[in-house]
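In the working numbering, the protein residues as written are 14 to 459. By construction, the Cβ of each residue, glycine as well, lies at the ideal position given by its N, Cα and C atoms. Heads up: the structure comes next, in C-alpha cells.
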C-alpha cells in the first residue's frame, strides 16, 4: 500500500447544500430551474458537457425545453444563456452535446428534433444558433466528435445504426458514412478513427473508420455480469477502457488495451457497495481514477490503480424516494486541470464538485521536504492512504505538543486553518479506533 502526503492549493469554498451521503468531495454549487415543467418521475434535465473559452470554463446542461449554458467562475455556477430545442416537451428526456472549434453541437432523441450548431465565440455575453437542420437525421441518442479527424458520430440516428458526418466545414456537415453493420449504436468514444461502439445487447463493437468501409477491429458481445452495453471511456494513455451496462445489478467493466483490439476482454469489475439494487450510467476514465454518474447513488469515484479497486469518494445527488432505478445522476463531465467535476441530475439540476484529481493522476513523492515558505493560506493536507479508510481524525499540534486543530468529517483531507500562526507543526491522522495511521511535519509561512 502506498503512503504519501502533500500540500495541495485551491480556493476552499464548501457549500453543504444537502445532508446525505458525502465522502471526500466538496460540493461547491448547484444550479436548477424549477420553472421548467416536470415530466414523468419529475424529470427536467438530462446530459451535461463542458468546454473552455478564453480561459473561462463553461457547463452545458440539457433539459426538456433545450440547452442551458453556465459559466464556472470562483467555483460557482452562473447562468449565461439558453437555446430552445427544436422539439420541446415533457417527454424530451434525452439531449446530448459535443464541442468542436467554437461550436456546440446539440441533438435530441425525441420528437421532431434536429442537429443544432451553436456559436459560443461571443461568450460570456451570449450564444447563437447558426445551424438547425434535420437533413441528416431528426433524432440521435448521443453524439461524439473525433476532433483530430473532424468527424461527428451520431449514435442511434433516427433509431437505426449510426451516421458519421464530416465536419471539415464545421457549419456544413456532410454525410461521411451511414453505419448499419450494427442495428443500433447507443453511444461511442472515438480516437483517431478507432471507434468503441456501445451497442446495447449487441455488446461492445470496435471499428476503424479511417478508410472507405469501416473495418471491425474487435468485438466483446459475451462477458460476465453482462447487461445493456451503455457507454464507455478511454484513458488518456489509451491503455485502458471502461464501460457501463445500464442494467440493475451490473458492475462497471475495465479493459486493459493492447495493440490487438481483437483480444479485448473484461479484466476488472468494480461497483458501489449497493450495486445489486442500482444502475450505473456514465464513466470518465483516467489512468488511476474512474469518475462515474450512478443514477440514484449520485457521483462515485473509484481508485483503479490499486487492487482491489475501491470506491474512494462520492456524493448522492438524489434524495427523493422512488422505485424507478434510473432517476438521479445522469451525466458526468470533468475539468481535470481544475479538479472540478460536473454531475447533471435528472430531477435536481447541475452539481459542481471539487476533488483532488491531480493528486491521483500526477502522483507525489513518498516524502516531502518542507522549506519555508511552504504553505499559503489556502493549503490542504492530504494523504493517499486515507482514501481506503473511513471515519478519520486529523490533529495538528505545535512542535511543543499544543493541539491547535482537530477535524472529523466526511473528507480524508484537512484544510489547514487560516488562524494558525507561522511556524512548524506536527500533523497526525488516526482511524476510527484512534490508532495512528500517519504523522509528519509541515511549515506555515508568514
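When the Cα of residue i is compared with those of the options, which residue comes out closest?
i, options, result
"residue 106", "122, 92 and 91", "122"
"residue 438", "117, 334, 418 and 188", "418"
"residue 317", "304, 447, 165 and 44", "304"
"residue 294", "300, 313 and 448", "313"
"residue 369", "412, 196, 325 and 405", "325"
"residue 257", "160, 232, 297 and 446", "297"
"residue 177", "171, 165 and 170", "165"
"residue 333", "352, 144 and 308", "308"
"residue 80", "132, 239, 68 and 35", "132"
"residue 446", "406, 255 and 91", "406"
"residue 441", "434, 420 and 155", "420"
"residue 197", "205, 210 and 206", "210"
"residue 139", "94, 155, 109 and 113", "94"
"residue 450", "161, 319 and 408", "408"
"residue 183", "192, 162 and 172", "162"
"residue 226", "237, 235, 207 and 234", "207"
"residue 282", "322, 108, 244 and 352", "322"
"residue 92", "77, 71, 78 and 102", "71"
"residue 243", "265, 223, 232 and 252", "265"
"residue 249", "144, 375, 67 and 319", "375"
"residue 188", "175, 194 and 195", "175"
Can you tell me where the alpha helix (DSSP H) holding residue i begins and where it ends?
i, result
"residue 445", "Careful: residue 445 lies outside any alpha helix (DSSP H) and carries neither H nor E."
Tell me the rounded alpha-carbon separation between residue i and residue j.
i, j, result
"residue 484", "residue 104", "Nothing about residue 484 can be reported from this structure: the residues present for the chain run from 14 to 459 only."
"residue 274", "residue 185", "33 Å"
"residue 124", "residue 39", "38 Å"
"residue 49", "residue 119", "19 Å"
"residue 217", "residue 202", "11 Å"
"residue 359", "residue 452", "43 Å"
"residue 52", "residue 424", "36 Å"
"residue 115", "residue 167", "19 Å"
"residue 288", "residue 346", "22 Å"
"residue 350", "residue 363", "20 Å"
"residue 270", "residue 427", "37 Å"
"residue 366", "residue 355", "6 Å"
"residue 299", "residue 158", "19 Å"
"residue 37", "residue 219", "36 Å"
"residue 444", "residue 371", "25 Å"
"residue 331", "residue 302", "23 Å"
"residue 75", "residue 204", "25 Å"
"residue 246", "residue 90", "26 Å"
"residue 98", "residue 60", "14 Å"
"residue 200", "residue 62", "15 Å"
"residue 111", "residue 179", "14 Å"
"residue 385", "residue 456", "With a pLDDT of only 30 at residue 385, under the threshold of 50, the placement of this residue in the model should not be trusted; the figure read from the coordinates follows. If you take the alpha carbons of residue 385 and residue 456, they lie about 7 Å apart."
"residue 460", "residue 191", "There is simply no residue 460 to check, as the chain begins at 14 and stops at 459 in what is shown."
"residue 343", "residue 44", "15 Å"
"residue 56", "residue 109", "16 Å"
"residue 143", "residue 169", "24 Å"
Locate the beta strand (DSSP E) running through residue i, then write down its first and last residues.
i, result
"residue 282", "281-283"
"residue 203", "200-204"
"residue 38", "Residue 38 -> no beta strand (DSSP E), and no H or E assigned at all."
"residue 257", "253-258"
"residue 155", "155-159"
"residue 303", "302-306"
"residue 266", "265-269"
"residue 297", "295-298"
With DSSP run on the structure shown, which of helix, strand or coil describes residue i?
i, result
"residue 119", "strand"
"residue 275", "helix"
"residue 23", "With a pLDDT of only 29 at residue 23, under the threshold of 50, the placement of this residue in the model should not be trusted; the figure read from the coordinates follows. In this structure, residue 23 counts as coil in the three-state DSSP scheme."
"residue 58", "strand"
"residue 406", "strand"
"residue 419", "strand"
"residue 288", "helix"
"residue 171", "helix"
"residue 51", "coil"
"residue 222", "coil"
"residue 237", "coil"
"residue 190", "strand"
"residue 212", "coil"
"residue 242", "strand"
"residue 163", "coil"
"residue 45", "coil"
"residue 454", "strand"
"residue 424", "coil"
"residue 433", "coil"
"residue 179", "strand"
"residue 232", "strand"
Cβ of residue i within 7 Å of any heavy atom in the ligand MG?
i, result
"residue 449", "Ligands displayed in this structure: none; no statement on the ligand MG is therefore possible."
Output the residue ranges of the beta strand (DSSP E) runs that lie fully inside the stretch 309-377 and measure 3 residues or longer, sorted by chain position. For the stretch 309-377, whole beta strand (DSSP E) runs of length 3 or above, ordered along the chain, are 312-316, 323-328, 342-348, 353-358 and 362-367.
Residue ranges of each alpha helix (DSSP H) run of no fewer than 4 residues wholly in the stretch 73-151, ordered along the chain? Runs found: none.
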